[in-house]
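J.: Questions regarding the structure given below will be posed in turn.
Chains as they are written, first to last, in the working numbering: chain A, 1 to 635; chain B, 1001 to 1169.
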């Protein structure tokens, strides 16, 4: 390969960058810049209504301020989030904005000089007016690398990305030899962020040296783990960082074509990635003779069709080829024989997003973060029973306690912590005793869980461990492609046993059958789905065996969750009051007044156990309780 | 059963959609997605037409359609209700929400109401775990959908329908 025509490439890029920077500076000259976080999480909270309110109100006052849609900052608990940058003030982040607050902000802050401090979450920079986000306790533990741009730039405007330093790593890479890039990635020790943690540099080298042409690069954005949304956030908030990573990967392994495989359930990610691709193509950052050099590379977006197993690389390739997504035997690995039998490099969204930083700042910088065997940062999606739900990025080696209690601010209502579910259907639930575990690929595997793609669901005392195991088995059983007998039939058996448990009909010897089946499924399945499907059950049994026994021996659900093992009951002494909240809220009209006295009674035959009455009962009465087993209800 | 006239119409519509694609096996899933996007579902005639177009066995098309969760074989309702059953939603009572929808619409998941107003299904995770439990109503994720909010959403559709009815008169 001839050295790429330089300094032509750098000079061409310089022009593009100048233009982008000029546009960015132009933006800063406005009276105020309003940025509305409108990723899927923001939209679910009403960001689009807020966006419309801002535009209408500005129009009403004849103000010409740019209103920009940005991605997700990770503070999902505070959505919809709006950032207002007004000269003379720090950039202020407002939380839980609604259309009325939006109108007030326009009238009082943009027209006037009142920054409406009552709605503030924090400021982006240090200042004397508002506490900066950097002063938040969580900032002590966080280190944003691939989430840095998320929520701060317009994902639908390539100039924002370029002005913030984007695509300069590509230009730098194009001036290096492919082997140099692969060596740098190898030295960085970057491990695949899809879950298994395979060494990225090794994968690249294998692909580059595999015989056969053309070669392909695939970005795996089939984030199927229920409870994980990091890839979605990155594709929605900063799609160009992934595209740049793919371009560098393509150059390093000698590929000319790439695919981004995104799940069907992420329509906004699909839309924004597609737009990003067309913008990159327009600037010749993608396509033939990129930036006038010798390197040509184009990317197509492929929309998945809703099959969890397609996150497995061989199944993903089958899906790309128009087949049902069933995995095939490895080796040969896709890096040697993948799409159409050609060498194919498959990397996760986050892995690719790291590439530009490694090329830009070097392997040494990267190994300086995290632990020895798992360098870099880890992105986690925090959800479930945690105060600060959202996204976070911490160096590897941070403990689970720090992530849940310092970044996530612990459990709402100060309830006791019970477990944290990591790694989705392939991972497991870790108890309190594992909280001081430094997180990296190896430590989690040792504890029986798995890094997975980074979903973290916090569970408290109201969550039943048997039920969560049953839930994951139901998921893997439904998503099993059916190719391997053990996975297809074994998970079905396990699910049936667990379902019996949640109905209080299990037997103690079923516990042994369960562990036996789990070992067989692990040994007898071809792909990651089957091999890891029993994990949630195994870790649960290891740490929470007493809950299983309570279900089996007493027909009691200690967490009061399993619907068939609980009953709702109104304590007459507490209810002797003429309030009809529960009667009015009951969705099936199962609650009525006592014929003579004033307290209410639940008709257990009619009750569907939805719990609406429990939330409706005013806290000062607190008359409704859950009882388990249902026979506890006084006659 | 569809009449012959309806069948021909579906075949023609499908042909028109297919004319935008090249006859490559790898195009099977994108073509099916496009057909479903325009017709709302994948009728038998459309699948037959896709098989003819790509020159592959009919069973291959049917196999792919039934493998992936996204494809549907029956017509959708006017409004789509997708209850998220991701981990966070499940733990926060997504299954109770699903029960509420089933009860109110008197249909099971994967079905459409007899008046073709609503279809009900579940989705593995839409990635809005923060707003759990989530129900995606007409492609718009709604957060904290508990049984009472289910009634609220249905009520707002009911009101809209009445308003439309009045306008027509």
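Here a beta-carbon is modelled for each residue, glycine too, at the ideal position from N, C-alpha and C.
Quantities reported herein were computed from a predicted structural model and do not represent experimental measurements.
Evaluate residue 329 of chain A with the Cβ neighbour count: other Cβ atoms within 10 Å of its Cβ, from every protein chain shown; 16 or more gives buried, anything less gives exposed.
T.: On the first chain, position 329 is the one that residue 329 of chain A refers to. Flag for residue 329 of chain A reads exposed.
J.: Measuring CB to CB, does residue 1025 of chain B end up less than 8 Å from residue 1056 of chain B?
T.: Working through the second chain from its first residue, we reach residue 1025 of chain B at position 25. Working through the second chain from its first residue, we reach residue 1056 of chain B at position 56. Taking 8 Å as the cut-off, the beta carbon of residue 1025 of chain B is found closer than this to the beta carbon of residue 1056 of chain B.
J.: Skipping 5 residues on each side, what residues in its chain have a beta carbon closer than 8 Å to that of residue 114 of chain A?
T.: Residue numbering aside, residue 114 of chain A sits at position 114 when the first chain is read from its first letter. For residue 114 of chain A, where only same-chain residues beyond five positions count, the Cβ hits under 8 Å are 108.
J.: Please list, in chain order, all residues of the same chain as residue 415 of chain A whose beta carbon is under 8 Å from its beta carbon, the five residues on each side excluded.
T.: Within the first chain, residue 415 of chain A is the residue found at index 415, counting from 1. Taken in chain order, the residues that qualify are 385, 460, 461 and 462.
J.: Note down, in chain order, every chain A residue with its Cβ under 8 Å from the Cβ of residue 1142 of chain B.
T.: Reading the second chain from its first residue, position 142 is the one you call residue 1142 of chain B. Below the 8 Å Cβ cutoff, chain A contributes 44 as neighbours of residue 1142 of chain B, in chain order.
J.: Return helix, strand or coil for residue 1080 of chain B, following the three-state DSSP convention.
T.: As a position in the second chain, residue 1080 of chain B is number 80, starting the count at 1. Strand, per DSSP.
J.: With which residues is residue 639 of chain A paired in a DSSP beta bridge?
T.: What the structure shows of chain A is the stretch from 1 to 635, and residue 639 of chain A is not part of that stretch, so it cannot be assessed.
J.: Give the interface partners of residue 1147 of chain B over in chain A, defined as CB-CB distance under 8 Å, in chain order.
T.: Within the second chain, residue 1147 of chain B is the residue found at index 147, counting from 1. Those within 8 Å of residue 1147 of chain B in chain A are 587, 610 and 612.
J.: Check the Cβ of residue 541 of chain A against every Cβ in chain B and list those closer than 7 Å, keeping chain order.
T.: On the first chain, residue 541 of chain A is found 541 positions in, with the first residue counted as 1. Result: empty, since nearest Cβ-Cβ is about 19 Å, beyond 7 Å.
J.: For residue 359 of chain A versus residue 169 of chain A, is the C-beta distance shorter than 8 Å?
T.: Indexing the first chain from 1 puts residue 359 of chain A at position 359. Indexing the first chain from 1 puts residue 169 of chain A at position 169. In this structure, residue 169 of chain A lies closer than 8 Å to residue 359 of chain A by Cβ.
J.: Under 9 Å, CB to CB, which of the residues in the segment 308-335 of chain A have a partner in chain B?
T.: 308, 310, 319, 320, 321, 322, 323, 324, 325 and 326
J.: Please list the residues of the segment 449-461 of chain A that have a C-beta atom closer than 8 Å to any C-beta atom in chain B, keeping them in chain order.
T.: 455, 457 and 459
J.: Would residue 248 of chain A and residue 20 of chain A be called neighbours here (beta carbons separated by less than 8 Å)?
T.: Position 248 of the first chain, counted from the first residue, corresponds to residue 248 of chain A. Position 20 of the first chain, counted from the first residue, corresponds to residue 20 of chain A. Going by C-beta atoms, residue 248 of chain A is not nearer than 8 Å to residue 20 of chain A.
J.: Determine the direct distance from the alpha carbon of residue 10 of chain A to that of residue 252 of chain A, and round the result to whole angstroms.
T.: Looking up residue 252 of chain A in the first chain gives position 252. Looking up residue 10 of chain A in the first chain gives position 10. Taking the straight line from one Cα to the other gives about 18 Å.
J.: Between residue 297 of chain A and chain B, is there a C-beta pair that is closer than 8 Å?
T.: Here residue 297 of chain A corresponds to residue number 297 of the first chain, with the count starting at 1. Closer than 8 Å: no.
J.: What beta strand (DSSP E) runs, 3 residues minimum, are completely inside the segment 203-265 of chain A?
T.: You should have 216-221 and 257-262.
J.: Is residue 1157 of chain B close to chain A? Criterion is C-beta to C-beta, closer than 8 Å.
T.: Sequence index remark: in the second chain, residue 1157 of chain B carries index 157 (1-based). Judged by the 8 Å Cβ criterion, residue 1157 of chain B is not in contact with chain A.
J.: Of all Cβ atoms in chain A, is any one closer than 8 Å to the Cβ of residue 1160 of chain B?
T.: In the second chain, the residue the question calls residue 1160 of chain B occupies position 160. Judged by the 8 Å Cβ criterion, residue 1160 of chain B is not in contact with chain A.
J.: Beta carbons nearer than 8 Å to chain B: which residues of the segment 28-44 of chain A have them?
T.: 40, 41, 43 and 44
J.: Run through DSSP, which three-state label would residue 2 of chain A get?
T.: For the purposes of this step, residue 2 of chain A is taken as residue 2 along the first chain, with counting starting at 1. Any answer about residue 2 of chain A is weak, because its pLDDT of 43 lies below 50 and its placement is not dependable; what the coordinates show is given next. Three-state result, residue 2 of chain A: coil.
J.: To which residues of the same chain is residue 1077 of chain B closer than 7 Å at the C-beta, ignoring the five residues directly before and after it?
T.: To locate residue 1077 of chain B, count along the second chain from 1; it is residue 77. Result list for residue 1077 of chain B: 1112, 1113, 1116, 1117, 1118 and 1119, in chain order.
J.: What residue range does the alpha helix (DSSP H) around residue 358 of chain A cover?
T.: Within the first chain, numbered from 1, the residue matching residue 358 of chain A stands at position 358. Its alpha helix (DSSP H) spans residues 349-361.
J.: Using a Cβ-Cβ cutoff of 7 Å, what residues of the segment 213-229 of chain A are near chain B? List them in chain order.
T.: 224, 226, 227 and 229
J.: Does chain A have any CB closer than 8 Å to the CB of residue 1151 of chain B?
T.: Residue 1151 of chain B sits at position 151 when you count from the first residue of the second chain. Yes, residue 1151 of chain B counts as interfacial toward chain A.
J.: Listed in chain order, which residues of the segment 1119-1131 of chain B have Cβ atoms closer than 7 Å to some Cβ of chain A?
T.: 1123, 1124, 1125, 1126, 1127, 1128, 1129, 1130 and 1131
J.: Which complete alpha helix (DSSP H) runs does the segment 407-490 of chain A hold, if anything under 4 residues is left out?
T.: Taking only runs of at least 4 residues, the alpha helix (DSSP H) segments lying wholly in the segment 407-490 of chain A are 441-446 and 465-479.
J.: Which residues of chain B have a Cβ atom closer than 9 Å to the Cβ of residue 468 of chain A, listed in chain order?
T.: What you label residue 468 of chain A is simply residue 468 of the first chain in a count that begins at 1. Neighbours of residue 468 of chain A in chain B, taken as residues whose beta carbon is under 9 Å from its own, are 1087, 1090 and 1091 in chain order.
J.: Is there contact here, the segment 1140-1150 of chain B with the segment 32-45 of chain A, by at least three beta-carbon pairs under 8 Å?
T.: yes
J.: Here's a check: name, in chain order, each residue in its chain whose Cβ is nearer than 6 Å to the Cβ of residue 327 of chain A, leaving out the five neighbours to either side.
T.: Sequence index remark: in the first chain, residue 327 of chain A carries index 327 (1-based). Same-chain partners within the cutoff: 312, 314, 315, 526 and 527.
J.: Quick check: the segment 369-388 of chain A against the segment 444-455 of chain A, are at least 3 beta-carbon pairs closer than 8 Å?
T.: When Cβ pairs closer than 8 Å are counted between the two stretches, the segment 444-455 of chain A is seen to touch the segment 369-388 of chain A, the count reaching three or more.
J.: How would you label residue 553 of chain A, buried or exposed, when you count the other beta carbons within 10 angstroms and need 16 or more for buried?
T.: In the first chain, counting from the first residue as 1, residue 553 of chain A sits at position 553. Classification of residue 553 of chain A: exposed, given that the 10 Å Cβ count is below 16.
J.: By DSSP, does residue 267 of chain A sit in helix, in strand, or in coil?
T.: Sequence index remark: in the first chain, residue 267 of chain A carries index 267 (1-based). Note: residue 267 of chain A maps to helix in three-state DSSP.
J.: Just mark residue 1074 of chain B as buried or exposed, buried being the case when its beta carbon has 16 or more other beta carbons within 10 Å.
T.: Position 74 of the second chain, counting from 1, holds the residue named residue 1074 of chain B. Looking at its Cβ environment, which holds fewer than 16 other Cβ atoms inside 10 Å, residue 1074 of chain B is exposed.
J.: Opposite residue 1123 of chain B in the DSSP bridges: which residues?
T.: Counting from one through the second chain, the residue named residue 1123 of chain B turns up at place 123. Beta-bridge partners assigned by DSSP to residue 1123 of chain B: B:1084.
J.: Chain B beta carbons: is any one of them nearer than 8 Å to that of residue 635 of chain A?
T.: Position 635 of the first chain, counted from the first residue, corresponds to residue 635 of chain A. So, not an interface residue.
J.: Considering only the alpha carbon of each residue, which of A:374, A:340, A:25 and A:398 lies closest to residue 139 of chain A?
T.: For the purposes of this step, residue 139 of chain A is taken as residue 139 along the first chain, with counting starting at 1. Residue A:398 is the option with its Cα nearest to residue 139 of chain A.
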